[in-house]
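J.: Before anything else, here's the structure in question.
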Ligand code: PLP
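Residue numbers (UniProt numbering): 1 to 433.
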C-alpha cells in the first residue's frame with residue numbers, strides 16, 4: 001500500500017495534471033545499480049531509468065565523488081557570472097562530441113529550457129516565428145515548446161506565439177503513410193515537407209525541430225536516412241535543423257552516439273538533457289557559433305551550468321564513454337528487441353515492437369485488431385510492477401509500454417525483464433480477449 005497520508009498531501013498541494021504512475025503510487029527511498037527500493041521495502045528493477053534520467057544507474061561512486069568534491073568546496077553555486085571550470089570542460093567535451101563545426105554550448109536546467117533556447121536562437125537568427133515540427137512530437141512544457149507540441153495529450157496551451165506547421169515522419173505505425181516500405185515512406189514524408197512548406201508557410205521558416213526517435217510519442221523509429229531527406233529540402237530554403245536529443249543522446253540508441261547520426265546528418269543545433277546529469281538537473285544546447293552568438297541582448301540562466309550539476313554531468317559522461325555503455329546499449333538492446341518480438345509472437349495484443357538500443361516501445365492493441373489499447377498497456381504497467389519491474393507508458397493513445405533501462409544494464413537483468421514482460425503481456429492478452 002502507498003503511504004496514504006503522503007498521497008493525500010500530494011493530491012492536495014500538487015497540480016492534478018502532475019500524473020503519478022500506478023493505481024497505488026510508490027515512493028522510492030533508496031537505489032543502487034539498476035534497482036530502486038520503495039518505502040515499503042520492495043525492490044524493483046528500473047526499466048525506465050527514472051525517465052531516461054538515470055542513464056548509467058544508481059549509486060555510481062564516481063558521480064557521488066564528483067558531486068561531493070564540489071559540495072566540499074562550499075561552492076554549491078554562486079552564479080554563472082563567474083568562471084566555472086567544470087562548465088567550460090563539459091562544454092568543450094560536448095562541443096567535440098556533437099560533430100557540429102565551430103560549436104558552442106549553453107547550459108540550462110532542463111530539456112524544456114534547452115528547446116526554448118534553441119527556438120529563441122533560430123527565430124532570432126532567421127527573423128521568423130515560423131517553426132516546422134513533426135506530428136506527434138513533444139519538446140517541453142513552456143510557452144514556446146508547448147506551442148509546437150504535436151500531441152494533444154501534451155499540448156497544454158494553444159496560445160503560444162510560435163506559428164507551427166506539422167510534417168509526417170513521427171509516428172510511422174499509424175500515420176498517413178503507415179505500411180509503406182522504408183524508401184516509399186521516406187519519399188512520402190519528404191514530399192509532405194515540401195508541400196507543408198509551400199502551403200502553410202511563407203518559406204522563410206526559423207527552423208525545423210525533430211526528435212530522432214519520438215519519446216513521449218511512443219518510441220517511434222523513422223527509417224534511417226529520413227532526416228537526410230528532410231535536410232536536403234531545408235538546405236534549399238536555408239532553414240536550420242534542430243535535433244532534440246533529450247531522449248536519444250549519449251549512446252542510448254546503441255549504434256550511434258546521437259539519434260540523428262542514424263541519418264548521416266549533422267544538425268545545426270542539438271538540444272540535450274535527461275541522461276547527461278544521471279539525475280542531476282542539467283540540459284543544454286549545442287549549436288554552430290553563428291547561430292549561438294546571434295543574440296544581441298544579454299541572456300543568462302541563473303542555475304544553468306552550475307558547478308554541482310556540471311561536475312556530476314562531466315563524471316557521468318566520462319563514465320559512459322570509458323565503460324563503452326553505448327556498446328552495451330547496442331548489444332543488450334538487440335537482445336531485448338529480439339526477445340520481445342519472439343515472446344510477443346503468440347499474443348495479438350501486441351501490435352508492434354520497435355526501437356533502437358535501449359529505447360524500446362511495445363504498442364498494445366485490442367486483440368485481433370489495430371485498435372490502440374490503453375487498457376492493455378495499463379494492465380502491463382500494473383502487472384510488471386507487481387512482479388518487480390518498473391517500465392514507462394506513453395504514446396498518442398497512451399497504449400505504448402516504453403523500456404529505457406540504465407545503460408549499465410546486465411545480461412541477467414535483461415533476461416529477468418523479458419520473463420516479467422512475457423508474463424505481463426500474457427495477462428493483458430487474457431484480460432482483453
Ligand atoms: N524533449 C524531449 C524529447 C523530451 O522527451 C522531454 C521530456 O520528456 C523534453 C524535451 C522536456 O524536457 P524536461 O522535462 O527536462 O523539461
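Virtual Cβ for every residue (Gly too), placed ideally from N, Cα, C.
1. Could you tell me how far apart the beta carbons of residue 185 and residue 194 are, in whole angstroms, since I believe they sit closer than 8 Å?
2. With the cut-off set at 8 Å, would you say residue 251 and residue 329 are in Cβ contact?
3. What do you reckon, is the C-beta of residue 140 under 7 Å from a heavy atom of the ligand PLP?
4. Among the residues of its own chain, which have a CB less than 8 Å from the CB of residue 102, if the five just before and after it don't count?
5. Considering only the alpha carbon of each residue, which of 283, 212, 281 and 66 lies closest to residue 446?
6. Nearer than 7 Å: is that true of the beta carbon of residue 356 relative to any heavy atom of the ligand PLP?
7. Under 7 Å: does the beta carbon of residue 329 sit that close to some heavy atom of the ligand PLP?
8. Taking 6 Å as the limit between beta carbons, can you name the residues of its chain near residue 59, skipping five residues before and five after?
9. Can you tell me whether residue 146 sits near the ligand PLP, meaning its C-beta is under 7 Å from at least one heavy atom of the ligand?
10. With respect to the alpha helix (DSSP H) encompassing residue 230, which residues constitute its N-terminal and C-terminal limits?
11. Under the rule that 16 or more other beta-carbon atoms within 10 Å means buried, what is residue 372, buried or exposed?
12. Hey, how far is the Cα of residue 420 from the Cα of residue 89?
13. Taking the alpha carbon of residue 198 as the reference point, which residue from 234, 229 and 170 has its own alpha carbon closest?
14. Beta-carbon within less than 6 Å of residue 276's beta-carbon, same chain only, minus the 5 sequence neighbours each way: which residues are those?
15. Return yes when the C-beta of residue 211 is under 7 Å from any heavy atom of the ligand GDP, and no when it is not.
16. Quick check: residue 423 and residue 387, are their CB atoms within less than 8 Å of each other?
17. Taking the C-alpha atoms as reference points, what is the distance between residue 66 and residue 315?
18. Let me know the secondary structure DSSP gives residue 44 once reduced to three states.
19. Work out the CA separation of residue 260 and residue 400 for me, nearest whole Å.
20. In three-state terms, what does DSSP make of residue 219?
21. If you pair each beta-carbon of the stretch 118–126 with each one of the stretch 294–305, do three or more pairs fall below 8 Å?
22. In this structure, what does DSSP give as the bridge partners for residue 107?
23. Tell me residue 244's beta-bridge partners as DSSP assigns them.
24. Count the other CB atoms, across all protein chains shown, that sit within 10 Å of the CB of residue 79; report buried if there are 16 or more and exposed otherwise.
25. Are the stretch 71–78 and the stretch 405–421 touching, with three or more C-beta to C-beta distances below 8 Å?
26. Confirm the yes/no value for this check: CB of residue 115, any heavy atom of the ligand PLP, distance under 7 Å.
27. With distances taken Cα to Cα, identify the nearest neighbour of residue 224 among 378, 264, 188 and 239.
28. Measuring alpha carbon to alpha carbon, tell me which residue in 96, 390, 130 and 104 is nearest residue 317.
T.: Reading off the structure:
1. In fact, because the Cβ distance is near 15 Å, the residues do not count as touching under 8 Å.
2. yes
3. yes
4. 288, 289 and 290
5. In the structure displayed, the chain extends from 1 to 433; residue 446 sits before or after that span and is not available.
6. no
7. no
8. 32
9. no
10. 226–237
11. buried
12. 42 Å
13. 234
14. 282 and 313
15. As for the ligand GDP, it is missing from this structure, which binds only the ligand PLP.
16. yes
17. 6 Å
18. strand
19. 23 Å
20. coil
21. yes
22. 284
23. 271
24. exposed
25. no
26. yes
27. 264
28. 96
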